Amino acid sequence: MPRPIGARIDLAALRHNYLLARRRARAQEPGARAWAVVKANAYGHGLLRAAAVLGEVADGFALLDLDDAVTLREAGIRQPILLLEGFFEADDLAVCAAHRLSVVIHRIEQLQMLRRTALPVRLPIYLKFDSGMHRLGLNRQQLPAVRRELAELTAASLLGPVTLMTHFAEADAAGGASCIAWQLDRFARIIADWPEAADLPLSFANSAAILRYPQTAHAWVRPGIMLYGGSPFADQDAASLGLQPVMTLYSRILAVQEIEVGERVGYGGTFVAPRPTRVGVVACGYADGYPRHAPTGTPILVAGQRTRTLGRVSMDMLACDLTDLPAAAVDSPVVLWGAGLPADEVAAAAGTISYELFCALARRVPVVEV
Ligand SMILES: *Cc1c(COP(=O)(O)O)cnc(C)c1O
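Going left to right, the sequence shown walks through residues 8 to 377 as this note's numbering numbers them.
This is the structure in structure tokens:
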């Protein structure tokens, strides 16, 4: 018998969350379309699994790796596919053309590569501007050079449809609309001297912006974490946003230890029993993707009841407190996160975000779809 651990992926919830994201965007902008962001193996949920269920409804798929884009095409995905970091070298362009990919352009050099390669098809391009996050994007000083390159591409009949894009650094922060207003201001200033820009479609919003600042929903929105049922916000839970959990990481109790006051649990003995304690040992550890830095007190469900972890997380196991759960015993079902225990709560206890928990799900954990 294999270890009793697994991850359940709720496909109907994924679809529900996608449709909710698009509905939110369309309430603001009736023609809005939504890229399903499926980078990082669909945030750990499985690229092809996500594509299979979203393939029926999604307007397009956004990801990073050229190979993943080709995988989606080979799986029969016909919608637009957007490479969020664009192509990395000129040699990638033939593949982009063969598979009709849309590409983000965040450096002038990418426009130059496009011009010199003279592809037989005109790729849709997403000009990404750096409005203050200072990660990827073109800036105001580069705008004249961008416009020159666009003019040359146009003259050579090489320019495909252009969309303008930027990314918010703190749409998830508490603090209201000022968290995005400064970036919208900078974006407006970047394109202020470019009259034609006013007619181009825009793509701004990630999950946080879709949910909290629907005024940023334009031609295309880019929901990621919300598709997977995670809340982008520290101060608002996923259920209150209408989102449904997609991934449930589950396991079972492997062993139960009854320990005396003052006895210690796990590596380093960081948990010291303040009372006689029933310790449940769960078949799940950091090699399964559970965060090693989750401290004593991280929430966990045993037999449907909430309790807390005890001591350090080991590679293959972790401990939890069964003292107040007399019915819990060897083989009792455990939920590490998902249905009944929001991943966001576990993540917050461990000082991280649900994005990281989902992406870290280890390959050795068997996945079942429901
Ligand atoms: C990952 C990513 C998104 C999705 O962000 P979420 O916070 O997960 O909604 C959107 N746009 C870009 C450019 C991204 O890299």
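Glycine residues also receive a C-beta, built at the ideal position from the N, C-alpha and C atoms.
Bear in mind that the values here come from a model prediction, so they are computed numbers and not experimental data.
- In terms of side-chain proximity, the C-beta atom of L91 is found nearer than 8 Å to a non-hydrogen atom of ligand 1.
- As for any beta strand (DSSP E) of minimum length 3 sitting wholly inside the segment 206 to 294, the runs are 254 to 266 and 284 to 289, ordered along the chain.
- Within the DSSP bridge table, the entry for E376 names I16 as partners.
- Just measuring C-alpha positions, the residue of D244, D98, L343 and N213 sitting nearest C291 is L343.
- Taken in chain order, the unbroken stretches of beta strand (DSSP E) that lie wholly in the segment 62 to 90 and span 3 residues or more are 67 to 70 and 88 to 90.
- Between ligand 1 and I12, a heavy atom-to-CB distance of less than 8 Å is absent.
- Assigned with DSSP and collapsed to three states, Y133 falls in strand.
- Not one heavy atom of ligand 1 sits closer than 8 Å to the Cβ of V253.
- The criterion of a C-beta distance shorter than 9 Å is not satisfied by V110 and L79.
- Going by DSSP, P306 is part of the beta strand (DSSP E) stretching over P306 to V309.
- 9 Å or more divides the Cβ of A34 from the Cβ of R40.
- Per DSSP, reduced to three states, the secondary structure at R40 is strand.
- Boundaries of the beta strand (DSSP E) harbouring W344: P340 to W344, taken from the DSSP string.
- For N213, the shortest separation between its Cβ and any heavy atom of ligand 1 lies below 8 Å.
- Under the three-state reduction of DSSP output, V320 falls in the coil class, being neither helix nor strand.
- Spanning the alpha carbons of R122 and E376 requires a straight line of approximately 45 Å.
- When DSSP reads this structure, A158 sits in no beta bridge, so it has no partner.
- Under the three-pair Cβ rule at 8 Å, the segment 340 to 355 counts as touching the segment 280 to 298.
- Apart from the 5 residues on each side of it in sequence, A216 sits with its Cβ closer than 6 Å to the Cβ of F175, A178 and T223 in its chain, given in chain order.
- Apart from sequence neighbours up to five positions away, the residues of its chain that approach D75 with a beta-carbon distance below 7 Å are L54, ordered along the chain.
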